[in-house]
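There are 2 protein chains.
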Amino acid sequence: MEPKTYTHDEIIAMLREHGINPTAQRVEIARELFSRKGHYSAEDVFALVNNDQTQVSKATVYNTLGLFAEKRLIRQLIVDPTKVFYDPNMVPHHHFYDVVTGKLTDIDANDVRITGLPALPPGAQMEGVDVIIRMRQANPTAG
Amino acid sequence: MEPKTYTHDEIIAMLREHGINPTAQRVEIARELFSRKGHYSAEDVFALVNNDQTQVSKATVYNTLGLFAEKRLIRQLIVDPTKVFYDPNMVPHHHFYDVVTGKLTDIDANDVRITGLPALPPGAQMEGVDVIIRMRQANPTAG
DNA sequence: CTCCTAACTTATAATCGGTCTAAATCTATG
DNA sequence: CATAGATTTAGACCGATTATAAGTTAGGAG
Chain A
169 MEPKTYTHDE IIAMLREHGI NPTAQRVEIA RELFSRKGHY SAEDVFALVN NDQTQVSKAT
229 VYNTLGLFAE KRLIRQLIVD PTKVFYDPNM VPHHHFYDVV TGKLTDIDAN DVRITGLPAL
289 PPGAQMEGVD VIIRMRQANP TAG
Chain B
169 MEPKTYTHDE IIAMLREHGI NPTAQRVEIA RELFSRKGHY SAEDVFALVN NDQTQVSKAT
229 VYNTLGLFAE KRLIRQLIVD PTKVFYDPNM VPHHHFYDVV TGKLTDIDAN DVRITGLPAL
289 PPGAQMEGVD VIIRMRQANP TAG
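Chains as they are written, first to last, in our numbering: chain A, 169 to 311; chain B, 169 to 311.
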């Protein structure tokens with residue numbers, strides 16, 4: 169959870185461990201994701217990696233996030249009706265989602281127990297379990 | 169679960185009970201949804217209500233589904249990265265989601281127990297809890 | 001080195017679900 | 001019938017994502 173800093177080599181090792189060829193752009197995107205540990209849309213990532221130091225195209229950002237998710241380096245969150253979020257935190261956890269602001273908050277999965285789920289259909293392989301608690305702040309600043 | 173048929177008047181009563189003015193288009197959309205009880209995208213509904221008998225515009229379909237969800241006549245499912253699904257089944261339940269085909273399957277919530285969830289942030293009001301089990305059929309027809 | 005190939009990145013066009021807009025229609029009421 | 005408010009509509013528009021096709025890069029063979 170705490171924003172650990174990763175060295176260039178550590179990032180490269182992470183990618184390799186997940187079967188990802190560590191190109192400059194992929195390392196840069198991974199660095200941004202893992203140096204912050206939040207919830208990012210592709211547009212967010214695109215903004216993060218395009219600055220004075222680095223330039224990465226939009227197509228590469230989308231491709232790379234998809235690749236990372238496929239290789240299980242990060243997790244895809246389908247929670248907002250308009251866009252996908254990506255979560256570099258691979259420790260099992262769930263989410264609060266504020267339906268007004270779109271803000272996501274982690275829920276530690278350690279304490280959460282889900283029992284009584286039926287078996288998967290025959291031949292099916294589990295990809296993941298998403299638990300999303302949708303909530304709304306009781307108009308805090310309404311007047 | 170079993171596809172009960174609703175009379176025109178029953179549909180109108182349902183809408184009124186949820187504070188929805190029962191216009192012709194809304195009744196038609198509700199009839200299609202409740203006569204089948206599945207999981208529908210807006211495009212699905214648009215196709216269902218546009219036939220020899222009836223014509224409803226795309227804008228009205230989107231507006232009406234949004235209204236129905238807001239009034240809790242149906243439930244919005246955010247589970248597919250590309251589009252929203254609507255579920256006329258308001259009995260609490262969860263979903264299997266086949267990440268390849270996009271097919272949704274109901275999971276009866278009666279047996280499912282979720283414990284250990286933290287309290288909502290102060291002032292927050294729960295909108296709903298979504299449990300989605302993402303799975304993949306082990307390539308049944310690959311060759 | 002230089003060539004070659006495969007992997008990768010890029011700019012840009014295209015797609016697609018969904019929303020917006022402004023006009024038309026409907027409905028209830030006086 | 002006139003009016004106002006709610007609703008519907010066609011079509012323009014938007015924003016997230018994907019597709020396309022060309023350009024770049026890295027590494028091995030000669």
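Every residue, glycine too, gets a C-beta built ideally from N, C-alpha and C.
- Put simply, the CB of Ile-242 of chain A is far from chain B, with every gap to its CB atoms at 9 Å or more.
- Judged by DSSP in its simplified three-state form, Asp-177 of chain A adopts helix.
- Linking Phe-264 of chain B to Thr-283 of chain B through their CA atoms gives a straight-line distance of about 20 Å.
- By DSSP's assignment, Ile-282 of chain B forms a beta bridge with A:Ile-282.
- The shortest CA-to-CA distance from Met-182 of chain A to any of A:Ser-225, A:Gln-293, A:Ala-198, A:Gln-193 is the one to A:Ala-198.
- Burial is judged here by how many other beta carbons sit within 10 angstroms of a residue's own beta carbon; Glu-211 of chain B has fewer than 16 and is exposed.
- Within the segment 179-222 of chain B, the complete alpha helix (DSSP H) segments of 4 residues or longer fall at 192-204, 210-217, listed in chain order.
- Residues of chain A whose Cβ lies closer than 8 Å to the Cβ of Met-182 of chain B do not exist, since the nearest Cβ in that chain is about 24 Å away.
- Per DSSP, the unbroken alpha helix (DSSP H) holding Leu-233 of chain B starts and ends at 226-238.
- In this structure, the beta-carbon distance from His-186 of chain A to Phe-236 of chain A falls below 9 Å.
- In the three-state scheme derived from DSSP, where H, G and I count as helix and E and B as strand, Ala-292 of chain B is classed as strand.
- The bridge partners DSSP lists for Asp-266 of chain A are A:Met-303.
- Under the 9 Å criterion on CB atoms, Pro-260 of chain B is classed as non-interfacial with respect to chain A.
- In terms of beta-carbon proximity, Phe-214 of chain B stays away from the interface with chain A, with every pair separated by 9 Å or more.
- In the displayed model, Thr-273 of chain A falls within a strand according to three-state DSSP.
- For the set A:Arg-204, A:His-176, A:Ala-287, the Cα lying nearest the Cα of Ile-242 of chain A is the one of A:Arg-204.
- With contacts defined as CB atoms closer than 9 Å, Met-258 of chain A and Ala-292 of chain B fail to qualify as a contacting pair.
- Along the segment 290-309 of chain B, going in chain order, the ones with a CB nearer than 7 Å to a CB of chain A are Gly-291, Ala-292, Gln-293, Met-294, Glu-295, Gly-296, Val-297, Asp-298, Val-299, Ile-300, Ile-301, Arg-302, Met-303, Arg-304, Gln-305, Ala-306, Pro-308.
- Below the 9 Å Cβ cutoff, chain B contributes Thr-283, Gly-284, Leu-285, Pro-286 as neighbours of Asp-279 of chain A, in chain order.
- Cβ neighbours of Tyr-208 of chain B within its own chain (closer than 6 Å, five residues either side excluded): Tyr-254.
- Around the CB of Val-213 of chain A, 16 or more other CB atoms lie within 10 Å, so the residue is classed as buried.
- In the DSSP annotation of this structure, the continuous segment of the beta strand (DSSP E) that includes Asp-255 of chain A starts and ends at 253-255.
- By a beta-carbon distance limit of 8 Å, Gly-270 of chain B does not contact Asp-298 of chain B. Their separation comes to about 16 Å.
- For Leu-245 of chain B, the secondary structure class from DSSP, reduced to helix, strand or coil, is strand.
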